[in-house]
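For reference, the structure discussed in these notes is given below.
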Amino acid sequence: MKNLLGIVFVLVCTLSAQSQTLSFAFKDYLTLPRSRNLHNISGMEYISGRQEWQLAEDRGAYHLFKTIHQLSDWVCEPDSSFQTGLFLEAVRYDPALDTYFFAVENEQESYVGFKRHSLPQPGDSIQRLTLPHLMPMPKKNKGIEGLAVTPQYLWIAPEAGSREEARVDNPLIHFYRYKKSNGSVVFDAEFSYEIDRNVCPSDSNEALGGVSEIISVPGDETRLLVLERCYEKTTKTVTVKLYEAQVDEARRQLLKRKEKPAFDFNGRNGFRPDNLESMAWGEDVDGRKILVVMSDDNTGKNQWTQVVLLEMQPN
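Here you go:
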């Protein structure tokens, strides 16, 4: 009887934990002036041990900020900047391995590289992870866009699926998980994920949808946050939603809470999302978790670099 009660207790606790959903409240946002000269931001990371924000451009530049205490501080110049020579789409730092992981997408290929201690600079050798599948042809601009680091794993998310999966009639794509082992990472498993297709059907490429970034939930190996967005050419609007995805180990699935996004960026008075593409965790002055989301303006005349703050709500 005691054993039976113990099993029931574990099941109840497990179901209770899985039933708790993540949600966010819109806290604030800032649209940077063009004179700020901060463009093409496609990756962002916050290293709490250094109190340092890092921004990656998809045209090679990398910016370090050590004086971000409030939203308006993003208008200030970075403390330092340098060139990587890489078209970066995502960047994550793993303090346990003291390693940077970064997604690169250029006119020839898309891949994930890594380097200990620092980001590479022009001329540095780059180590690459072996991906289980090829990405869509470079002209589709649908390579690796999202990276997430947890205490045990590195997650990699293609924007629209592998070369075989990137079809409008196929809603299932796969994320790739790598397990930390002996100071490095090794391929562990693929997990299916249901992406939204045809949210923006006016463009054949955008009809594929797009995972623009993923991020881990602090202290939680069982969930990821997935940012999906696409650009509707006819209305010149960006549709963006943030989803919670539960890791189902047995079935190798990421169970997306499709009917109730963790946050919907659209339909809010006074705010129109741009090409949101990067995420990192921060904290407000009271220690509450803040998700910082930033857009890639593509140096376009009708696009802007936005900084959006979302406050994680208690379960």
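In terms of mature numbering (1 follows the signal peptide of the UniProt record, and there is no 0), the sequence shown is residues -19 to -1, 1 to 296.
We put the CB at the ideal spot given by N, CA and C, even for glycine.
It should be emphasised that the depicted structure is a prediction, and the values quoted were computed from it without experimental measurement.
query: N-terminal and C-terminal residue of the beta strand (DSSP E) that Leu112 is part of; result: Segment: none, Leu112 is in no beta strand (DSSP E) and carries neither H nor E.
query: For Ala261, the residue or residues it bridges with in DSSP; result: Val273
query: Span separating the alpha-carbon of Met293 from that of Leu36; result: 22 Å
query: Candidates Ser162, Tyr212, Asp169, Gly200: closest to Cys181 by CA position; result: Tyr212
query: Nearest-angstrom Cβ-Cβ length linking Ala129 and Ser197, presumed shorter than 8 Å; result: 4 Å
query: Neighbourhood of Gln1 by C-beta, 7 Å cutoff - its chain only, sequence neighbours within 5 removed; result: Asn296
query: Cβ pair Arg210, Thr220 closer than 8 Å; result: yes
query: Leu52 versus Tyr27: straight-line alpha-carbon distance, rounded; result: 15 Å
query: Buried versus exposed, by CB contacts within 10 Å (16 or more), Lys282; result: exposed
query: Through-space distance from Glu86 to Asn122, alpha-carbon basis; result: 8 Å
query: Burial state of Ala42, where buried means 16 or more other Cβ atoms lie within 10 Å; result: buried
query: In chain order, each beta strand (DSSP E) run of at least 3 residues that lies wholly inside the stretch 1 to 68; result: 5 to 12, 22 to 28, 33 to 38, 42 to 46, 61 to 64
query: Delimiting residues of the beta strand (DSSP E) encompassing Phe172; result: 165 to 175
query: For Pro132 and Ser162, the rounded distance between their alpha carbons; result: 11 Å
query: Glu194 vs Gly104 beta-carbon contact at 8 Å; result: no
query: Short Cβ contact (8 Å threshold) for Tyr92 with Tyr81; result: no
query: Counted within 10 angstroms of its Cβ, other Cβ atoms place Ser276 as buried (16 or more) or exposed; result: buried
query: Classification of Gln287 by the beta-carbon crowding that lies within 10 angstroms, buried from 16 upward; result: buried
query: Beta-carbon proximity check, His20 vs Thr280, cutoff 8 Å; result: yes
query: Beta-carbon proximity check, Val289 vs Tyr10, cutoff 8 Å; result: yes
query: Ala84 and Leu69 closer than 8 Å at C-beta; result: yes
query: Close beta carbons around Lys96, own chain, < 6 Å, minus the five adjacent residues each side; result: Tyr81
query: Ser143 to Met116 span [Cα, whole Å]; result: 5 Å
query: Reduced DSSP secondary structure (H/G/I, E/B, other) of Glu146; result: coil
query: C-alpha distance - Asn250 paired with Phe7, whole-angstrom precision; result: 11 Å
query: Test item: CB-CB of Tyr159 and Tyr134 under 8 Å; result: yes
query: Proximity below 8 Å, CB of residue 300 to CB of Ala141; result: For the chain, the structure presents residues -19 to 296; residue 300 sits outside this window and is missing.
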